[in-house]
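Positions 14 to 344 (my numbering) are the ones given, in order, by the sequence shown. We put the beta carbon where it would ideally sit given N, CA and C, even for glycine. For clarity, every value in this text was computed on a predicted model and none was experimentally measured.
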Amino acid sequence: MKKITFALLPALALAFTACHTGDVKVSSTGKPYELFVVTPADLWQGPAGDTARAIFSDEVEMINQPEPRFTVYSVPPASYKATVSKHRNILILRTGARYAKADMTASYDVNSAPQLEVTVTAPTADSLAAFLHTYRSELVKLYEIAERDRFVARAERFRDTKISDLIREKFGFDMSIPKGYKVRIDTTNFLWISYELPLASVGFTIYTYPADSSAARNDAAGNIIAARNAAVMQVPGPSDGSYMTTSSAAMPDQKTLTVNGRQWNQVRGFWDVMGDFMGGPFINYTTYDAARNRMLAIDGYVFSPSPNNNVPMRDYVRQVEAIFMTVRVPK
Numbered sequence: 014m015k016k017i018t019f020a021l022l023p024a025l026a027l028a029f030t031a032c033h034t035g036d037v038k039v040s041s042t043g044k045p046y047e048l049f050v051v052t053p054a055d056l057w058q059g060p061a062g063d064t065a066r067a068i069f070s071d072e073v074e075m076i077n078q079p080e081p082r083f084t085v086y087s088v089p090p091a092s093y094k095a096t097v098s099k100h101r102n103i104l105i106l107r108t109g110a111r112y113a114k115a116d117m118t119a120s121y122d123v124n125s126a127p128q129l130e131v132t133v134t135a136p137t138a139d140s141l142a143a144f145l146h147t148y149r150s151e152l153v154k155l156y157e158i159a160e161r162d163r164f165v166a167r168a169e170r171f172r173d174t175k176i177s178d179l180i181r182e183k184f185g186f187d188m189s190i191p192k193g194y195k196v197r198i199d200t201t202n203f204l205w206i207s208y209e210l211p212l213a214s215v216g217f218t219i220y221t222y223p224a225d226s227s228a229a230r231n232d233a234a235g236n237i238i239a240a241r242n243a244a245v246m247q248v249p250g251p252s253d254g255s256y257m258t259t260s261s262a263a264m265p266d267q268k269t270l271t272v273n274g275r276q277w278n279q280v281r282g283f284w285d286v287m288g289d290f291m292g293g294p295f296i297n298y299t300t301y302d303a304a305r306n307r308m309l310a311i312d313g314y315v316f317s318p319s320p321n322n323n324v325p326m327r328d329y330v331r332q333v334e335a336i337f338m339t340v341r342v343p344k
């Protein structure tokens, strides 16, 4: 075992344990965004358990049906090895006089791979609950990044080389699209690809437009949405004459972020079909490509109308977010 410092959480000095034994681990079990909490029943039914459930059951933002960030289960310590030791996401909660203060340790690939196991310890149940509440954002982010990185690795491992080559030749950047996606429309400065399932659809549109004015280069959400609507109207709806557009029912959410060294404006919102009844969440990444004096936009969307679907909409949206993390635009 080798202890390393993890820079993601500067507000909290955490010791992260990484296994570097070279052993080949068995594949981890469980579905994406499942979390098993290993803790005694009295802790789980008390303030610490209430806090943990509230943290991980908080609703995912910007999707059009209520879904928790994680699907949470609990198991007593005596059943840990027999039932969930190889699960992909494990949270262990412990209390006792042997712990001088509340602390947290994360271990990767302990009993399987890929796996994240976080242990939170504290002298008392109340101090454990307080610690979880204080560092709730950091704790959730640990698991979300672990899940995102797993999907990024899968997307890059099982990338569709034909679609990736098409994107590179057409737009001049790299993006790992997993196998299963199909090209639906390929026109000048526009590409639509999607993965169609019986009860869901996940897709991307990629398009460029001129950056020949300051208004075009303005990163205001209204300008990005106007360009989006002009592009995605090429995506047809189920009935004659229907097409995709941006919903006016909710205000889009915007922020700036950096992906692989390039700054992007991210806009999240909801899409509708003009002339029909369909809709869902979308995530738009737009950047100014100075080398080509153009605006480059990548727009991912999800359609999953059934809340009883075996795969939550949450998982599809996060797959879209993970695929965005594979984008590399040459400087």
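Item                                                                                                      : Value
Which of helix, strand or coil DSSP assigns to Gly292                                                     : strand
Where the beta strand (DSSP E) through Val330 begins and ends                                             : From DSSP, Val330 is part of no beta strand (DSSP E) but of the alpha helix (DSSP H) over 326-337.
Bridge-paired residues (DSSP) for Tyr220                                                                  : Phe203, Ala310
Contact belief for Pro127 with Arg163 at Cβ below 8 Å, rounded distance in angstroms                      : 5 Å
C-alpha gap between Thr96 and Pro294, whole angstroms                                                     : 36 Å
Buried versus exposed call for Ala213 [16 or more other C-beta atoms within 10 Å across all chains shown] : buried
First and last residue of the uninterrupted alpha helix (DSSP H) at Tyr156                                : 149-170
Cβ-based neighbour list, Ser353, same chain, cut-off 7 Å, excluding 5 preceding and 5 following           : A question about residue 353 goes unanswered here, because the residues of the chain that appear run from 14 up to 344.
DSSP beta-bridge partners of Lys175                                                                       : The partner list for Lys175 (beta bridge, DSSP) is empty, contrary to what the question assumes.
Beta-carbon proximity of Leu56 to Leu104, cut-off 7 Å                                                     : no
Pair within 7 Å by beta-carbon distance, Asn102 and Leu141                                                : no
Minimum C-alpha distance to Ser87 - residue among Arg241, Val131, Phe49                                   : Phe49
According to DSSP, residues forming a beta bridge with His100                                             : Thr42
Contact between the region 287-301 and the region 239-259 (3+ Cβ pairs under 8 Å)                         : yes
Where Ile349 falls: helix, strand or coil (DSSP)                                                          : Given a span of 14 to 344 for the chain in the structure shown, any question on residue 349 remains unanswerable.
Segment contact flag, the region 292-311 with the region 269-278, C-beta cutoff 8 Å, min 3 pairs          : yes
Residues sharing a beta bridge with Phe9, DSSP                                                            : Nothing can be reported for residue 9, as the shown portion of the chain is limited to 14 through 344.
Inter-residue CB distance, Ile190 and Arg161 (contact presumed, cutoff 8 Å)                               : Not confirmed; about 16 Å, so no contact.
Proximity of Phe83 and Tyr46 at Cβ, strictly below 7 Å                                                    : yes
Proximity to Ser125 [Cα-Cα], best of Ser261, Ala119, Lys38                                                : Lys38
Tyr112 beta carbon less than 7 Å from that of Thr132                                                      : no
Identity of the residue in Pro318, Leu270, Asn306 nearest Ile296 by Cα                                    : Leu270
Cβ neighbour criterion (16 or more within 10 Å) applied to Pro265                                         : buried
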